[in-house]
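Enquirer: Pasting a structure here, questions to come.
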Amino acid sequence: MDLSQLFNVAQLANALALASLLTILASGLALIFGLRDAMNFGHGAFYMLGAYLGYSVSNRLSFWAALIVVPLLLALVGAVFELAVLRPLQKRSRMDVALITFGLALVIGPAIYKVWGTAPLSVEAPPALAGSVQLLGTMYPVYRLFLIAVGFGACVALALWLKYTRSGMHTRAVSQQPHIARMMGVNTDRLSLLVVCLGTGFAGLAGVLAGPYLSVDPGMGASILISCLIVVVVGGLGSIGGAIAAAVVYGFIQVIGTVLFPSLAVLAPYLLLFVVLLWRPQGFGRGRVA
Amino acid sequence: MPDTTRRTLAAAALLSLAAPFSFAQGSGPIKIGLLTIDSGPFASYANLIEQGARTGVDILNAEGGALGRKFELVVQSHSGTPAAAVAAATKLAQQGGVSVLMGQTQSSHSLALVPKLDALNVLQIDTYAQSNDLMTKSCAPNYFRVNTPDALTTRMMQDYVKATGAKTWNLISMDYAAGQSFAKGFTELVQGQGGTVQQSLFSPQGTADFGSYISQLSKPSDALVVTLFMSDGQSFAKQAKQFGLFDKYKTVIGNGFATDFQLEALGDNVLGVVNSLSWTAELPGARNAQYVKEFVLRAKRKPFYTDADLMAALEVYRAGVVKAKSSEPAAVRKALEGLRIDTIFGNVEMRAADHHLIRQHGMAQVVKGANGKNEFVMKVVKSGPDIYPPPSPECKVH
Amino acid sequence: MLRVEDLSVSYGNVHALDGVSFEVAQRGVLHGIIGPNGAGKSTLMDAITGRRKPTRGRVWVDGEDITQRPVPWRRRRGMSRSFQRTSIFPGLTVREQLELVASQLDEPDLAQIVDTFELRDVYDEVADSIAYGDQRRVDIALAMIGEPRLMLLDEPAAGLSTTETIALFEHLTVLVRQRGVTALVVEHDVDAVFRFCDAITALDLGKLLVTGKPAEVRADARVISAYLGTAA
Amino acid sequence: MNAVAAPPSTASSPTRARVVRSGASSRWWLWLLVVAIGVFVPKVVTSPFYLSLVINGMILGVAAVGIGFLMHQCGLVMFGVAAFIGLPAYLVGLASAQLGLGLNMAVLLALLASTLFAVLVGALVVRARPLPFAMLTLALAQMLKSVATLQAMRPLTGGDDGLAMTFNGTFLTLTQSELAKPAVFWPVAWIALCAVLTLAWCAGRARFGQILRATQANEERMRFSGFDTYVPRLIAFTLAAFIVSVSGVLIALNSAFASAELLDFATGGHALVAMLVGGGGTVGGPLVGALLYTWGQDAFGATGHLELFTGIAVVAVIAAFPQGATGFVLQLWRRERKADHGGGDAARGADHAAR
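Residue numbers (my numbering), protein chains in the order written: chain A, 57 to 346; chain B, 2 to 399; chain C, 162 to 393; chain D, 8 to 362.
Encoded structure:
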């Protein structure tokens, strides 16, 4: 396995493409965890719902319309999720909430099969992003560059929102010290609604972006959920900065692993999770939002 | 088609008419069990398989069934794991009263089922699993196979590889039983003809992003062989198009990669790809043409190779029942061994030594059809005796 | 009995405890620890009982250095403590948790402890359903089991009325004298401390002000200024 | 099926203790009687299909009892239960194929190796908080699955195709083909299930269980009461893993086949769902959940709605009745008893035991 494979631009871009998709998904999960202290095992199912809605909307309208409409639809789903599940179960233990979201994922899966059937669907990239372009000597799909741009753009926007807006500051406060923040007059319920909608909206965005990048099939939710959990935990539960860093590391480990030790590549993410959870339980970040 | 087959065809029809008068052992419908998968990557093709089997049974019943009894299809779906397949087969055999099993049995399912067939007292006529083991060490008295195993695909490629004149090869296959055995066989084949395999990559099942593999394959060689199935194949095809990978190769060969029932979803991503294909509607033979006509009439779509394999399996079973004059598994097994049967593949033999149907196999290319739709055109067709390897000594069926 | 040497605890550049040293020589005494909020009383208690690793300094009990010893080892060797925020077993009844701990530390006379802390009437209630005052007494009773030689009580009177506080300290004094237990009491109620304790240590901003008899400490200028701010 | 409801805990005042002790021994005799009768069920229920259906339910029940014990005693949910189902199943196959051991030795080796592995893994993961613990065990199962399907491991485990086993010799005088027949395999599964239920019940009732539940309630106070809290939890994890390993071995013995799917989250998820629906609060709860789940798998399997119904069941159970089906039933039963006697501490005692 000559090493030139490792350092050519295409492999670097592949790692960033995977990292950007995971970042969008993981930051959504980290937000929900930061605010509601709930590890949402249904996040993969939201992502899959986003991909299937993306398929339908881009067929009827256009891919660009889907990029806007689907995250909003998922934000609505997020609102229902917050009001029907997270808020009433605030007092319950973290484990109970996690198990309920696990049950939800089991419900959303078959619901999607009922509507869209079980055959894998293919979503074509819009004409503007369909071709490939010369990237420092090798042909590289335009769509993936777009994906990298959107992925990190979303994260920058999220970081700016957290840093410079009032609701962003409240979010950081609540995720660190919920009781004190409540005493300071932060309406945590209203804020949680906003944040959960944002989190599931991000999952919808990731779903739509995944259409042309990967394939839309019934197994996509479960496979990416485990990667997403690893990224969030390794990044530090509830920390957005940590989640972004962990997503990039995860992307590189996955790509480099595939090139250097193809069969062991599959093990790399799990070893990463084991080492982090045991050696540094709060993960890379400071274990709180941003 | 030589007229002898036409005459034997008429004789077989007569025979089936005469059958009702001879009192057959057992009465009521002859039940055929169909295994389908309801979750995982193969689930999306379950209704396709069921439709193929149901249409085949309807055609046979229209031709008078066997021994004056009609055939009846009993369908049982399961979650797709080998253990679930065994449980579903047990239910069909003990609860459904079926005397033969067929359907969506992947290699791992058939390998798990074979040791149980005797205890369940049921035959299995496989149309799905491709593993070579089922022709060698994992043979069993009650196990028959109609579809083409991997070894055959590799031998089919032999002449085609020589014809392309390509010297350097890249391979990408699923890190999966079928993928592993094929890659090994193909590498030996290429080296045998003085060629070299530059890269042989394996991608775990359920890989979504093939970017890192495609970038490695971008280091060109003369030809590329893709052994990826189902949704993995579809993802690879789409992403390869985005990378413009196929344009870098003179020849691209698919094994289970471009299949007719995925052709529509694959679209132009696979234009020009040559794929091993064991059957197309355009194959010669009166019975084949008649089958295609009736299939389109009943199912409102063109039959794929999976439907043809199911039809052949049903025809083989009918011939066994007619010869044995009973649907009792042990009797049908003895009757089938060495039997020459008229099927849509023509007059073919069910080899006694390893219970494999010696039928044809081919190589087809994806071309833009007259109506603008992509379709397969057979480039090479080989008859069974030319390509089936001699029966393996490891295989014990008595 | 208990010797604390240059004990310090710091988080980054915040020094919650800075070089505190003092000694409690006799047995069967009540030793008060006082100081304004944030003086480091609880941190001192946590460092001595092993709940928090000190960044510097040593703790000796009966001449043996126990600074690195794990918490369960210390409890089995007779060093017990109660908690500022009541820490008992919510799911178990009072009887079950007292009997459980008593079986671990082979307490000879559990009945005496139950009666001393007036727990007889809530004995079979599940801990999280009894009154706050009762819960606090269970917390201290748990620390009393197994004839500990050294007991550290973290604000035992927190949230109790003055009469209840006095009754509590009276019980403590009886048990301490009877069982020869040395009790270190961190307490805000300064009057109770001056009235019942045999010796007192005063802390402020993580540093030791003075250790001595109640009268001396009461008169000490540094203690007055620490509590009342600099004298006008 | 006899759902073993947890008998009321020991009486409160000393005088009643003597009365209950004699009651306890009579309960023991009743339990042994049920076990003895259960062995002859195949004489009554002869249809091989229903027998094999209930056997699958019992095998799943054994795994569910294992993780139910861990959840009830330590509050730790083993998401990666599949690891300890798949590992012993593979080990039985490997021991008989690669090491050529007789079946009895192979089973023993599989259980021992799997339990030893649990001690090693447990030493690491038992330290973690409940949520990271759940994810660590999930990662463990997925890792084992990846190893099983590694190219290098193909000669040993058969990769994706799975490992078809040929046993040497017999398991307690039962040959491989006999083990495959439901009527013959029933006593093996039944005795294993009853042994596991008794083990979990006794461990829960013993002081060991009390220490675990107290540690779960307030670990700091336990440490400050002189209890080491790490070793008991490690022992509880190992015991739970051992129980789950018995389930894995039963699968290998009955189907003589092990595949990577056994290590997949889906298979593990079945045991988890069964335990949650049945109710982890009692020893028998997970078993009832497992039987319900297997029946559902057969009834809804054909319609493909299985996942939908299990999802709804999990959400409903956790939201509405946290103690699961058996916990809910026990509560109703106890409320009547309370209504008849007008209260009394026995009822509250029992309720505690089920907490």
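We put the beta carbon where it would ideally sit given N, CA and C, even for glycine. No experiment lies behind these values; they were computed from the predicted model shown.
Counting along the chain, where does the alpha helix (DSSP H) carrying residue 181(C) start and finish?
Expert: The sequence position of residue 181(C) within the third sequence is 20, counting from 1. Note, residue 181(C): premise wrong, no alpha helix (DSSP H); beta strand (DSSP E) at 175-185.
Enquirer: Taking the beta strand (DSSP E) that residue 242(C) falls in, what are its first and last residues?
Expert: Numbered from 1 along the third sequence, position 81 holds the residue referred to as residue 242(C). Run containing residue 242(C): 240-242, per the beta strand (DSSP E) assignment.
Enquirer: Return yes when the Cβ of residue 93(D) is within less than 8 Å of the Cβ of residue 269(D), no when it is not.
Expert: Position 262 of the fourth sequence, counted from the start, is the residue given in the question as residue 269(D). Position 86 of the fourth sequence, counted from the start, is the residue given in the question as residue 93(D). Cβ atoms of residue 269(D) and residue 93(D): closer than 8 Å.
Enquirer: What are the residues that DSSP puts in a beta bridge with residue 73(B)?
Expert: Along the second sequence, read from residue 1 onward, the residue named residue 73(B) stands at position 72. Bridge partners of residue 73(B): 32(B).
Enquirer: State the beta-bridge partners of residue 197(A) as determined by DSSP.
Expert: As a position in the first sequence, residue 197(A) is number 141, starting the count at 1. Paired residues: 188(A).
Enquirer: With a cut-off of 8 Å, does the C-beta of residue 312(D) fall near any C-beta of chain A?
Expert: Counting from 1 along the fourth sequence, the entry for residue 312(D) is found at position 305. It does; some Cβ of chain A falls within 8 Å.
Enquirer: Is the CB of residue 79(A) under 8 Å away from at least one CB in chain B?
Expert: As a first step, residue 79(A) must be located in the first sequence, where it is residue number 23. No, residue 79(A) does not count as interfacial toward chain B.
Enquirer: With contact counted as at least three CB pairs below 8 Å, one residue from each stretch, are the region 141-149 of chain D and the region 249-259 of chain D in contact?
Expert: At 8 Å Cβ cutoff, the stretches do not touch.
Enquirer: Let's see if you can read the secondary structure: which residues bound the beta strand (DSSP E) around residue 208(D)?
Expert: In the fourth sequence, counting from the first residue as 1, residue 208(D) sits at position 201. From DSSP, residue 208(D) is part of no beta strand (DSSP E) but of the alpha helix (DSSP H) over 189-212.
Enquirer: Can you give the Cα-Cα distance for residue 304(A) and residue 135(D), rounded to whole angstroms?
Expert: The residue labelled residue 304(A) in the question sits at position 248 within the first sequence. The residue labelled residue 135(D) in the question sits at position 128 within the fourth sequence. Taking the straight line from one Cα to the other gives about 26 Å.
Enquirer: Tell me whether residue 32(D) is buried or exposed, calling it buried when 16 or more other Cβ atoms sit within 10 Å of its Cβ.
Expert: Counting from one through the fourth sequence, the residue named residue 32(D) turns up at place 25. Residue 32(D) is exposed by the Cβ-count criterion.
Enquirer: From the DSSP secondary-structure annotation, give me the bridge partner or partners of residue 343(B).
Expert: Here residue 343(B) refers to the residue found at position 342 of the second sequence. Its beta-bridge partners are 348(B).
Enquirer: Could you say if the region 178-185 of chain B and the region 305-313 of chain B meet the contact criterion of at least three C-beta pairs nearer than 8 Å?
Expert: Not touching, per the Cβ criterion.
Enquirer: Rounded to a whole number of angstroms, what is the C-alpha to C-alpha distance between residue 163(D) and residue 225(B)?
Expert: Position 156 of the fourth sequence, counted from the first residue, corresponds to residue 163(D). Position 224 of the second sequence, counted from the first residue, corresponds to residue 225(B). Each residue's alpha carbon lies about 30 Å from the other.
Enquirer: Who are the neighbours of residue 199(A) on chain B, taking C-beta pairs under 7 Å?
Expert: On the first sequence, position 143 is the one that residue 199(A) refers to. By Cβ distance, chain B contributes 243.
Enquirer: With a threshold of 16 other CB atoms inside 10 Å of the CB of residue 394(B), please say whether the residue is buried or exposed.
Expert: As a working mapping, residue 394(B) is identified with position 393 in the second sequence. With fewer than 16 other Cβ atoms within 10 Å, it is exposed.
Enquirer: With a Cβ-Cβ cutoff of 8 Å, do residue 300(B) and residue 56(B) count as a contact?
Expert: Within the second sequence, the letter at position 299 stands for residue 300(B). Within the second sequence, the letter at position 55 stands for residue 56(B). Taking 8 Å as the Cβ cut-off, residue 300(B) and residue 56(B) qualify as a contacting pair.
Enquirer: Under the three-state reduction of DSSP, which class applies to residue 18(B): helix, strand or coil?
Expert: On the second sequence, residue 18(B) is found 17 positions in, with the first residue counted as 1. Its pLDDT being 47, under 50, residue 18(B) is placed unreliably in this model, and the coordinates cannot settle the point.
Enquirer: Tell me the DSSP secondary structure of residue 177(B) in three-state form.
Expert: The sequence position of residue 177(B) within the second sequence is 176, counting from 1. Residue 177(B): coil per DSSP, three-state reduction.
Enquirer: Helix, strand or coil for residue 368(C)? Go by DSSP, reduced to three states.
Expert: In the third sequence, residue 368(C) corresponds to position 207, counting from 1. Residue 368(C): strand per DSSP, three-state reduction.
Enquirer: Going by DSSP in three states, residue 18(D) sits in which element: helix, strand or coil?
Expert: If you number the fourth sequence from 1, residue 18(D) lands on position 11. Only weak support exists for where residue 18(D) lies, its pLDDT of 37 falling under 50; the coordinates are left without a value.
Enquirer: Chain B beta carbons: is any one of them nearer than 8 Å to that of residue 318(A)?
Expert: As a first step, residue 318(A) must be located in the first sequence, where it is residue number 262. Closer than 8 Å: yes.
Enquirer: Mapping DSSP to helix, strand and coil, what is residue 363(B)?
Expert: Counting from one through the second sequence, the residue named residue 363(B) turns up at place 362. Residue state, collapsed to three classes: strand.
Enquirer: Could you have a look at residue 239(A) and say whether DSSP puts it in helix, strand or coil?
Expert: Walking along the first sequence from the start, residue 239(A) turns up at place 183. Three-state DSSP puts residue 239(A) in a helix.
Enquirer: Taking 8 Å as the CB-CB limit, is residue 44(B) close to chain A?
Expert: Within the second sequence, numbered from 1, the residue matching residue 44(B) stands at position 43. At least one chain A Cβ lies under 8 Å of residue 44(B).
Enquirer: Hey, does residue 107(D) have any beta-carbon neighbour from chain A nearer than 8 Å?
Expert: Here residue 107(D) refers to the residue found at position 100 when the fourth sequence is read from its first residue. So, not an interface residue.
Enquirer: Within the region 96-136 of chain B, note down every full alpha helix (DSSP H) run reaching 4 residues or more, in order along the chain.
Expert: List check, alpha helix (DSSP H) in window: 108-114, 118-121.
Enquirer: The ligand GTP and residue 314(B): does any heavy atom of the ligand fall closer than 7 Å to the residue's C-beta?
Expert: Ligands are entirely absent from the displayed structure, and the ligand GTP is therefore not among its contents.
Enquirer: Grab the span of the alpha helix (DSSP H) containing residue 376(B) for me, first residue to last.
Expert: For the purposes of this step, residue 376(B) is identified with residue 375 of the second sequence, where counting begins at 1. Counting along the chain, residue 376(B) falls outside any alpha helix (DSSP H), though it belongs to the beta strand (DSSP E) covering 375-383.
Enquirer: Report the rounded CA-to-CA distance for residue 304(B) versus residue 267(A), giving the unit in angstroms.
Expert: Taking the second sequence and counting its residues from 1, the one referred to as residue 304(B) is at position 303. Taking the first sequence and counting its residues from 1, the one referred to as residue 267(A) is at position 211. If I take the Cα positions, the gap works out to 30 Å.
Enquirer: Assuming residue 329(B) and residue 353(B) are in contact, meaning their beta carbons sit under 8 Å apart, how far apart are those beta carbons, in whole angstroms?
Expert: Locating residue 329(B) in the second sequence gives position 328, where the first residue counts as 1. Locating residue 353(B) in the second sequence gives position 352, where the first residue counts as 1. Rounded, the Cβ-Cβ distance is 19 Å, inconsistent with contact.
Enquirer: Just checking, does the region 167-177 of chain C make contact with the region 360-375 of chain B on the three C-beta pairs under 8 Å criterion?
Expert: No, because fewer than three Cβ pairs between the region 167-177 of chain C and the region 360-375 of chain B fall closer than 8 Å, the two stretches do not touch.
Enquirer: Classify residue 281(B) as helix, strand or coil using the three-state DSSP reduction.
Expert: Sequence index remark: in the second sequence, residue 281(B) carries index 280 (1-based). Three-state DSSP puts residue 281(B) in coil, outside helix and strand.
Enquirer: Between residue 129(B) and chain D, is the shortest Cβ-Cβ distance under 8 Å, so that the two count as touching?
Expert: Along the second sequence, one-based indexing puts residue 129(B) at 128. It does not: the Cβ of residue 129(B) has no partner Cβ on chain D nearer than 8 Å.
Enquirer: Where do the N-terminal and C-terminal ends of the alpha helix (DSSP H) with residue 145(B) fall, by residue?
Expert: On the second sequence, position 144 is the one that residue 145(B) refers to. Unbroken run through residue 145(B) is the beta strand (DSSP E), 144-146; no alpha helix (DSSP H).
Enquirer: For residue 9(A), I'd like the list of residues in its chain whose CB is within less than 8 Å of its CB, leaving aside the five on either flank, ordered along the chain.
Expert: Chain A is shown from 57 up to 346; residue 9(A) falls before or after that span and cannot be answered.
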